[in-house]
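Worksheet for the structure shown next.
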Amino acid sequence: MKPESRKQGLAMGTRPPPPAHPASDSGPLPFSARRRVEWQRWAYPVLLLAVVLATWEAVVAGFEIPHYILPAPSLVAQTLVEKWPVFLRHTAVTLSEVGAGAMLGIAGGLALGLVMFLFQPLERALYPLLVVSQNVPVFALAPLLVVWFGYGYLSKVIMAAIIIFFPITVSVLDGLKRTDSDQIRLFQTMGATPLQLLWKLRFPAALPALFSGLKLSAIYSTIGAVIGEWVGAGAGLGYLMLSANAQLRVAEVFGAIACLTPIGLGLLGLVVLLERMLLPWQHLSRDDTGAGA
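Under this note's numbering, the residues of the sequence shown are numbered 7 to 299, in order.
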């Protein structure tokens, strides 16, 4: 823009257009740059974890802390290697409980969230009760579930489902209610039926909120199963933690915690992968421009 036209535009109350963002001019990042961005995203947490483990090892060795109080990371790793069949067996039990509880909690949350959206009197009656129920400590429900469903598999599955149920219900209900009103009017103008409106507009619009709830559920999914195993079980990582802690085998307790971590991370990874498949546009701009790196 020339100086004269710039002055005239300012005098008329208009402003020149802002300069284009460099990322939009340069276009998508090349493959090598995207690989570098992905490497940087993983490098920082891995580096921080390495620093924490090295500091932990040095503190235990420097202060000569007994292994039954705080074992060194090297001792935990050695215990995992030496007793891997035991950890593998208990991990399989907990993983099956978490998986079944996740499917049950997601199905129940989806169904209740949809029903509450379709019938507003039911929403007004149930929603406050759902919120109040979250003030009840989860650990207080575990003994009741054991009494009602026994010490076996079912009580742990229901406990895991209870943890997952609430965030799924709230995220589905919130996503369905936040559909753009202009898009709703457009669909109605084109003669869409209520079922078409729900399936082709409201539900796709609710997917971002639903995946947010799924990510929270994946992170917290192991809590319910482990709490159920603490109250009463014959197998599982929670049972192994209690048994080892009672005999001051603290390295095995940390080993069980180390086995629980990949379960939650694996479920979170599955949710993120499914989100990328169903909502690819949410990741394209960030991945191509390097935003959030």
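Just so you know, even glycine gets a beta-carbon here, dropped at the ideal spot from N, CA and C.
Residue ranges of uninterrupted alpha helix (DSSP H) with 4 or more members, entirely inside the stretch 94-179 and ordered along the chain, are 126-139 and 144-155.
Here Ala-78 carries a coil assignment [DSSP, helix/strand/coil]. Assignment of Asp-188 by DSSP, reduced to helix, strand and coil, places it in the helix class. Scanning Thr-267, Ile-263 and Gly-242 for the CA closest to the CA of Arg-95 turns up Gly-242.
Assigned with DSSP and collapsed to three states, Arg-255 falls in coil, not helix or strand. Its Cα nearest to that of Tyr-157, the residue Gly-240 stands out among Ala-98, Gly-240 and Phe-69. Shown here, Lys-221 sits in a helix according to DSSP, grouped into three states.
Residue range 200-203 is occupied by the alpha helix (DSSP H) that includes Pro-200. Taken atom to atom, the span from the alpha-carbon of Ala-98 to that of Ala-166 is near 15 Å. In this structure, the straight-line span from the alpha carbon of Pro-214 to that of Gln-140 is close to 23 Å. In this structure, Phe-123 sits near Leu-182, with a CB-CB distance shorter than 7 Å. Out of Ile-71, Ser-102, Phe-172 and Pro-91, the CA that lies nearest to the CA of Pro-134 is found in Phe-172.
Judged by pairs of C-beta atoms under 8 Å, the stretch 231-238 does not touch the stretch 206-223, as fewer than three such pairs exist.
The C-alpha of Pro-143 is placed about 33 Å away from the C-alpha of Thr-85.
Assigned with DSSP and collapsed to three states, Met-283 falls in helix. The three-state secondary structure of Ile-71, taken from DSSP, is coil. Val-152 and Glu-103 have their C-alpha atoms roughly 14 Å apart.
Here Leu-274 has Lys-221, Ala-224 and Ile-225 as same chain residues with Cβ atoms under 7 Å from its own Cβ, once five neighbours each way along the sequence are excluded. Annotation for Asn-251: Val-259 place their beta carbon closer than 8 Å to its own, counting only its chain and skipping 5 residues before and after. Judged by beta-carbon spacing, Ala-83 lies beyond the 7 Å limit of Val-66, meaning their Cβ atoms are not closer than that value. In the structure shown, Lys-89 falls within a coil segment according to DSSP collapsed to helix, strand and coil. Closest option to Thr-100, judged by alpha-carbon separation, among Ser-218, Gly-261 and Cys-265: Cys-265. Ranked by Cα distance from Leu-280, the options Gly-119, Leu-55, Ile-168 and Leu-216 are led by Leu-216.
Here Gly-272 is exposed, its C-beta having fewer than 16 other C-beta atoms within 10 Å.
For the pair Gly-234 and Ser-161, the CB atoms are nearer than the 7 Å cut-off. With a threshold of 16 other beta carbon atoms within 10 Å, Val-137 falls short and is exposed.
The three-state reading of DSSP puts Met-196 in coil, since its state is none of H, G, I, E or B. When only Cα atoms are considered, Ile-229 and Ala-113 end up about 19 Å apart.
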